[in-house]
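Sequential numbering from 290 applies to the sequence shown in this note's numbering.
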Amino acid sequence: AAYLEGMLRHGSNIMFFPEGSRSRNGKLLQPKVGMLGMLLEPILSGTIEDAYIVPISIYYDKVMETRTYVTELLGAKKSTESLGYVISQAQHLLATRRMRYGNIHVRSGTGFSARAYIERQIS
290 AAYLEGMLRH
300 GSNIMFFPEG
310 SRSRNGKLLQ
320 PKVGMLGMLL
330 EPILSGTIED
340 AYIVPISIYY
350 DKVMETRTYV
360 TELLGAKKST
370 ESLGYVISQA
380 QHLLATRRMR
390 YGNIHVRSGT
400 GFSARAYIER
410 QIS
């Protein structure tokens, strides 16, 4: 929390994913509020004047892990994503770099003041 507060104090941009993980089917996951709480705490305590929040969505046309995703939909347990798993996926992508996975879409929502949001919720 102190590190995040220091970054806010210095005007750094901070990016985090409220869901804590990505969704392979495009549905929003239940948010994990820990990081958001650490962002709002310095504002509530008056240490930081404000933070500007800009929601961003990043999604792509094709699920790269189609085979494993389908087996999970059929009831198989999701395998743990370890460092070895990430390396093997990177090797797979490099070996099949000519394959087309569709477009990546990045959408930006309307930004808002965290302080103004808090004040609206309190009143």
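For each residue, glycine too, the CB sits at the ideal point set by N, CA and C.
In whole angstroms, what is the alpha-carbon distance linking Arg-298 and Gln-410? Residue 298 sits at position 9 when you count from the first residue of the sequence shown. Residue 410 sits at position 121 when you count from the first residue of the sequence shown. Roughly 24 Å between the two C-alpha positions.
Roughly how many angstroms lie between the CA atoms of Tyr-348 and Leu-328, to the nearest whole one? Residue 348 sits at position 59 when you count from the first residue of the sequence shown. Residue 328 sits at position 39 when you count from the first residue of the sequence shown. Each residue's alpha carbon lies about 25 Å from the other.
Would you identify the three-state DSSP class for Ser-402, choosing helix, strand or coil? Translated into positions along the sequence shown, residue 402 becomes position 113. Strand, per DSSP.
Exposed or buried, Pro-331, counting other C-beta atoms within 10 Å across all chains shown (16 or more means buried)? Taking the first residue of the sequence shown as position 1, residue 331 is located at position 42. In summary, Pro-331 is buried, with 16 or more beta-carbon neighbours lying within 10 Å of its beta-carbon over all protein chains present.
From Lys-367 to Ser-412, what distance separates their C-alpha atoms? In the sequence shown, residue 367 corresponds to position 78, counting from 1. In the sequence shown, residue 412 corresponds to position 123, counting from 1. So the alpha carbons of these two residues sit roughly 44 Å apart.
Please list the terminal residues of the continuous alpha helix (DSSP H) segment that includes Val-359. For the purposes of this step, residue 359 is taken as residue 70 along the sequence shown, with counting starting at 1. Its alpha helix (DSSP H) spans residues 355-362.
Measuring only the C-alpha atoms, how far is Ala-340 from Pro-320? Translated into positions along the sequence shown, residue 340 becomes position 51. Translated into positions along the sequence shown, residue 320 becomes position 31. Going by the C-alpha atoms only, they are around 19 Å apart.
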